[in-house]
Amino acid sequence: MQATDEGLKASSETESRPVIRTQSLTKRFRTQVAVNNVGFEVQRGDVFGLLGPNGAGKTTIIRMLLGLVKPTAGTAQVFGFDTMQQRGEVLARVSAIVEAPALYPGMNGYDNLKAMAIAVGIQNPDRKIDDVLGRMGLSGRARDKFSTYSLGMKQRLCIASALLTDPQLLILDEPTNGLDPAGMVEIRTLIRGLAEQGVTVLLSSHLLNEVQQVCNRVAIIQMGQIIQQGLVDELLAGKTSVQIKVRPDEWEKAWYILQGAGYAPRLRAEGEYLIIAGPSHDGAIFNQALATNGIFASEISPRSQSLEEYYLSLTNFQAEAPAYYYPQLQPQPQYPPMSQPGGNPNGN
Amino acid sequence: MATNSLYQPKPSLLTSYRHELFKGVKHKFYAFVIFIPPALTLLIILLQFLIKIFGNVGSRVPTNSSITNSLYGLGDKGTFAEASSTLLVGIGGSYGILLIIAATLMVANEYRWNTIKMLATRQPVRANLVLSKCLFALTLSAAICLSFIVSWFIYALFLKYFYSQPFGFTDYDLSNIGNGLRYIIFAYLHNFILALIAIAMTYRFKTIVAGLIFYVIYNAIDGTLNVFGTAFANSGTAELPDWLKPLAEVLRFIQPYLLSGSINRIQMQETVLQFSFSSAGNQIGQNSQIVISNPVWLAWLMLAIYTFLFTLAAVWVFSSRDITD
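Heads up: the protein sequence lines correspond to chains S and F, in order.
Residues in the first sequence are numbered from 1269 upward in steps of one, following the working numbering.
Residues in the second sequence are numbered from 3 upward in steps of one, following the working numbering.
Here you go:
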């Protein structure tokens, strides 16, 4: 009976442990620090997003979690096992796709999966291969060469390969990179489905919108350091902005008016909208600033802040020029700076 | 997610080796490498068959006086001696480069296709990934060797028809077969050991070019040192100018410890011709010095040491480095 109790206790301890825990994780390549003192935890059932621009250190963190790269300092544990000292225990529970989808181009989809199944020692893998091919919607193309697949299909076949071992943790590095919108939706749906089945997912991405749609927890990385982490809902709670729509021919003028009025750090463009981070009641002030310059907004409305906006506010990103809505950029007009919102630039 | 013990990963050296075999079977290049010798043999047979049909080939025992045949006791008469000269020495001798290309390609492609990371995240013991490729290189080497042996037998039997000889085995045939087998087996053991160091270099530099360049340089230096070392051992250094004697002594000393020296020691026979720098020229029986001074067990020991060191180098190069691209 005592043995059973101890077994239950051990099982319970395993269950309560974070799936991933890194402490002071650091990687230095000669003089360049790729990852600096990173610490985060991924809990069981999480879809965790490592978020950051290209070169931020996301892939290096993933490589360290998989034991591909040795940390310069700090530790990384997966399911409580050290990723360098106990790789066997870690890899038995984890499947990963690191960077671009990569399998053998000369072999067909089925043979690629069979090669992977043989590599990890799966016995009688045929049924399992059929199963994962079906789940990925690739049964019809299983006998076609991998090199003939589209990028989305390659990504799906790699995920199928990763699912052969029924992993408890799936690590995906930039899974939607290069995919068309339909492909992105497919991968998103797939990740959600896996999470519902109890698989913990860690994914890295620089596509903030993607991460927001699929992850419940994120860590935002910049220049090798985590600058913010937590549940997506908590990070975005209370974060609002105001979106303003003006006539297309007045869009650029409105942009510079708002910039000149001191809102540059909070201002960005999104399609036909000008977005200014801040409380919704600031809409009236923005409206006044535009109106005094002869621009009348056709729409001013509050909106919840997206992860992208939150990220940009965290990293103090400042848009330099309206880039893509206004069809023909004119030379920058000279508008007098405004001392305060709502002031009259004409002095009337 | 429901887990099934049947699908739980149990990677090992054996599973990695089976993975390499599976890929090898699917990769056309490896089949090409193995089936070229019989294909070439059939082509030669076809041409000689046409000569036999339309020409005037008399009945005779073929003779062969090539130095290489003499060097390794492959025979100076009989169809197996002629087949050895054409296939084992003529084609088989230089065919080893394809084994080196195949071995380096096997590693370089993993980097080119970016599959090395995928393998490394499925096999916890990195050494197993390297060792499985070394075992595959050994398998490929054995397959090429077998391919040559089969082709050689078929060709030698055809030559009996070509020269209108009886199909039985004469005494010199049996001797030539034994020496021929020894020659081709050790030639491909030599190539396999060289493939190991080429594999190590390909792991280090991630390109086939690096592996091949290192193979060529190593083989050239090792082979040159062996030729000079063997010649000085056979003919002594008495006739050399004084300034060259110290160098000749060094070469004579290191010759038994060279890879090609060790292979040659096992392949060669005491009574057959060997190169010499003496004024008497190449003569029968001049290998006696090497046979006396270099015991066969030392040659076997050196082969084992080279195999171990080159394999260790490949494992060390791959295991000690970050996999970043």
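In this text, a Cβ means the ideal position worked out from N, Cα and C, and glycines have one as well.
CB of residue i within 8 Å of CB of residue j, strictly
i        : j        : result
A1559(S) : I1512(S) : no
L1470(S) : L1319(S) : no
P1570(S) : G1551(S) : yes
P1339(S) : V1310(S) : no
V1510(S) : F1554(S) : yes
R86(F)   : G182(F)  : The sequence as given places Ser at residue 86(F); Arg does not occur at that position. Yes, these two residues count as a Cβ contact at 8 Å.
L1503(S) : Q1496(S) : yes
L1333(S) : I325(F)  : no
A104(F)  : F31(F)   : yes
Q1436(S) : T1468(S) : yes
L1535(S) : I1544(S) : yes
F150(F)  : L89(F)   : yes
A1383(S) : K25(F)   : yes
P40(F)   : P126(F)  : no
L2(F)    : E112(F)  : Outside the displayed span of chain F (3 to 327) sits residue 2(F), for which this structure offers no information.
Y190(F)  : S143(F)  : yes
I1459(S) : K1326(S) : no
T123(F)  : V1400(S) : no
I1483(S) : G1317(S) : The identity of residue 1483(S) in the sequence shown is Cys, whereas the question assumes Ile. Yes, the Cβ-Cβ distance between C1483(S) and G1317(S) is below 8 Å.
V132(F)  : Y205(F)  : yes
M1404(S) : A1428(S) : yes
F164(F)  : V59(F)   : yes
F312(F)  : I199(F)  : yes
H21(F)   : A1387(S) : yes
Y74(F)   : Q269(F)  : yes
I201(F)  : A316(F)  : yes
A1344(S) : T1294(S) : no
Where residue i sits in the DSSP three-state scheme
i        : result
F164(F)  : helix
A306(F)  : helix
F312(F)  : helix
A202(F)  : helix
P13(F)   : coil
G1317(S) : strand
T1328(S) : helix
G1498(S) : strand
F1349(S) : strand
N1392(S) : coil
G1335(S) : coil
I99(F)   : helix
K135(F)  : helix
V1366(S) : coil
T1508(S) : strand
I1427(S) : helix
D1379(S) : helix
E1454(S) : helix
N1305(S) : strand
N1322(S) : coil
Q125(F)  : coil
M1404(S) : coil
A1591(S) : Reliability of the predicted coordinates at A1591(S) is poor, the pLDDT of 45 falling under 50, and the value obtained from them is presented with this limitation in mind. If DSSP states are grouped into helix, strand and coil, A1591(S) belongs with coil.
Per DSSP, the bridge partner or partners of residue i
i        : result
F1211(S) : With chain S running from 1269 to 1616 in the structure shown, residue 1211(S) is simply not present.
E241(F)  : BP columns for E241(F) are empty, so no partner.
Q1291(S) : T1343(S)
V1514(S) : For V1514(S), which the question treats as bridged, DSSP gives no partner whatsoever.
L1437(S) : V1362(S), T1468(S)
Q1493(S) : Q1490(S)
V1310(S) : I1288(S)
K28(F)   : For K28(F), which the question treats as bridged, DSSP gives no partner whatsoever.
K1413(S) : N1376(S)
Sequence ranges, alpha helix (DSSP H) only - wholly within the region 60 to 90 of chain F, length at least 4: Listed in chain order, the alpha helix (DSSP H) elements of length 4 or more contained wholly in the region 60 to 90 of chain F are 69 to 73, 81 to 85.
Any residues in the region 1377 to 1398 of chain S with a beta carbon nearer than 8 Å to a beta carbon of chain F? Which ones, in chain order? Under the 8 Å Cβ criterion, the region 1377 to 1398 of chain S contributes D1379, K1382, A1383, M1384, I1386, A1387, V1388, G1389, I1390, Q1391, N1392, P1393, K1396.
Going residue by residue through the region 1524 to 1586 of chain S, where are the continuous alpha helix (DSSP H) segments of at least 4 residues, counting only ones entirely within it? Assignment of alpha helix (DSSP H) within the region 1524 to 1586 of chain S, counting only whole runs of 4 or more residues, yields 1551 to 1559, 1575 to 1582 in chain order.
Any alpha helix (DSSP H) of 4 or more consecutive residues that is wholly inside the region 173 to 228 of chain F: With a minimum length of 4 residues, the continuous alpha helix (DSSP H) runs that stay inside the region 173 to 228 of chain F are 173 to 207.
In chain order, which alpha helix (DSSP H) runs of at least 4 residues are fully inside the region 1457 to 1489 of chain S? Listed in chain order, they are 1476 to 1482.
Of all the residues that make up the region 1336 to 1366 of chain S, which are near chain F by a beta-carbon distance shorter than 7 Å? Within the region 1336 to 1366 of chain S, the residues whose Cβ lies closer than 7 Å to some Cβ of chain F are L1336, V1337, K1338, R1355, G1356, L1359, A1360, A1364, V1366, listed in chain order.
Taking any Cβ of chain S, which residues in the region 109 to 128 of chain F have a Cβ under 7 Å from it, in chain order? The residues in question are W115, N116, T117, K119, M120, L121, A122, T123, R124, Q125, P126.
Using a beta-carbon distance cut-off of less than 8 Å, what residues from the region 67 to 83 of chain F approach chain S? Residues of the region 67 to 83 of chain F whose Cβ lies closer than 8 Å to any Cβ of chain S: none.
Between the region 15 to 48 of chain F and chain S, which residues of the former have CB atoms less than 7 Å from a CB of the latter, in chain order? Hits within the stretch, in order: T17, S18, R20, H21, F24, K25, K28, H29.
Short-range partners of chain S found in the region 315 to 326 of chain F, where Cβ spacing is below 8 Å: Per Cβ criterion, the list reads D324, I325, T326.
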